[in-house]
Amino acid sequence: QKEVEQNSGPLSVPEGAIASLNCTYSDRVSQSFFWYRQYSGKSPELIMSIYSNGDKEDGRFTAQLNKASQYVSLLIRDSQPSDSATYLCAVKDNAGNMLTFGGGTRLMVKP
Amino acid sequence: DTAVSQTPKYLVTQMGNDKSIKCEQNLGHDTMYWYKQDSKKFLKIMFSYNNKELIINETVPNRFSPKSPDKAHLNLHINSLELGDSAVYFCASSRGQGGNQPQHFGDGTRLSIL
Numbered sequence: 567q568k569e570v571e572q573n574s575g576p577l578s579v580p581e582g583a584i585a586s587l588n589c590t591y592s593d594r595v596s597q598s599f600f601w602y603r604q605y606s607g608k609s610p611e612l613i614m615s616i617y618s619n620g621d622k623e624d625g626r627f628t629a630q631l632n633k634a635s636q637y638v639s640l641l642i643r644d645s646q647p648s649d650s651a652t653y654l655c656a657v658k659d660n661a662g663n664m665l666t667f668g669g670g671t672r673l674m675v676k677p
Numbered sequence: 294d295t296a297v298s299q300t301p302k303y304l305v306t307q308m309g310n311d312k313s314i315k316c317e318q319n320l321g322h323d324t325m326y327w328y329k330q331d332s333k334k335f336l337k338i339m340f341s342y343n344n345k346e347l348i349i350n351e352t353v354p355n356r357f358s359p360k361s362p363d364k365a366h367l368n369l370h371i372n373s374l375e376l377g378d379s380a381v382y383f384c385a386s387s388r389g390q391g392g393n394q395p396q397h398f399g400d401g402t403r404l405s406i407l
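The listed protein sequences derive, respectively, from chains A and B. Each residue of the first sequence is one higher than the last, beginning at 567 in the working numbering. Each residue of the second sequence is one higher than the last, beginning at 294 in the working numbering.
Written as structure tokens, this is what we have:
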């Protein structure tokens, strides 16, 4: 059973701070990693993807991947109240197209 | 110009009824999916179709029957609805089956069983 684990939170950070969201996965052959943002009552929205070890930056977002330790993280710099949402980590292996989601971490950015 | 659209957005019905949810994508994608998100917010894959062919069926009760008339549509029919079927059902699509193809989600159908 492939598993993706996230701390459910809530993770509370002040406006302007860096929010750090973590995710671990059990399947060593996983190759593709995605972060989705889901506002309450809305659909998941893709914000980052990462496929290689290291960091990948896109605006205020940085995804970090460490395949040896089987973890992927998302950093949000200069956090804004509008970043308050649930962040879902998703992992896919290269063999098929099945995406396994973690339970999500609820982020609250306080003004 | 919604990319992945689902209807209806809300569905309230009695236990034992049969209902359908429709999904259409205008992205030109080959692969479509149905996910179930329960009250604890876990998002789990139910089915996946590639070019109208079923490729993933994740131990879903056979009361759930997906149908893909063409690669732009994937509908979900549910027979004999049960209380445990109450959830949000999301349709999604991707360009292909490859590992690095992201999935794009519809707005969800909120199903409530009375």
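Just so you know, even glycine gets a beta-carbon here, dropped at the ideal spot from N, CA and C. Remember, it's a predicted structure, so these values are computed and weren't measured experimentally.
Cα-Cα, which of the options is closest to residue i?
| i | options | result |
| --- | --- | --- |
| residue 395 of chain B | A:572, A:617, A:593 and A:578 | A:617 |
| residue 380 of chain B | B:334, B:346 and B:353 | B:334 |
| residue 580 of chain A | A:644, A:604 and A:654 | A:644 |
| residue 401 of chain B | B:308, B:316, B:309 and B:307 | B:316 |
| residue 357 of chain B | B:363, B:307, B:306 and B:313 | B:313 |
| residue 359 of chain B | B:368, B:352 and B:353 | B:368 |
| residue 657 of chain A | A:646, A:641, A:637 and A:648 | A:637 |
| residue 386 of chain B | B:319, B:371, B:305 and B:403 | B:319 |
So what does residue i bridge to, in DSSP terms?
| i | result |
| --- | --- |
| residue 318 of chain B | B:297 |
| residue 349 of chain B | B:341 |
Are the CB atoms of residue i and residue j nearer to each other than 9 Å?
| i | j | result |
| --- | --- | --- |
| residue 373 of chain B | residue 323 of chain B | no |
| residue 665 of chain A | residue 651 of chain A | no |
| residue 326 of chain B | residue 384 of chain B | yes |
| residue 610 of chain A | residue 336 of chain B | yes |
| residue 600 of chain A | residue 612 of chain A | yes |
Any 3 or more C-beta pairs closer than 8 Å across the segment 629-639 of chain A and the segment 295-310 of chain B: no
Under 9 Å (Cβ pairs) to chain B, residues found in the segment 604-620 of chain A: 604, 607, 608, 609, 610, 611, 612, 615 and 617
The segment 632-648 of chain A in contact with the segment 587-607 of chain A per 3-pair CB rule at 8 Å: yes
Positions along the segment 332-362 of chain B whose CB lies within less than 9 Å of some CB in chain A: 333, 334, 335, 336, 337, 338, 341, 343, 348, 349 and 351
Chain B contacts made by the segment 629-655 of chain A, where a contact means CB separation under 7 Å: 652 and 654
Cβ-based contacts, 8 Å cut-off: residues of the segment 662-676 of chain A near chain B: 662, 663, 664, 665, 666, 667, 669 and 670
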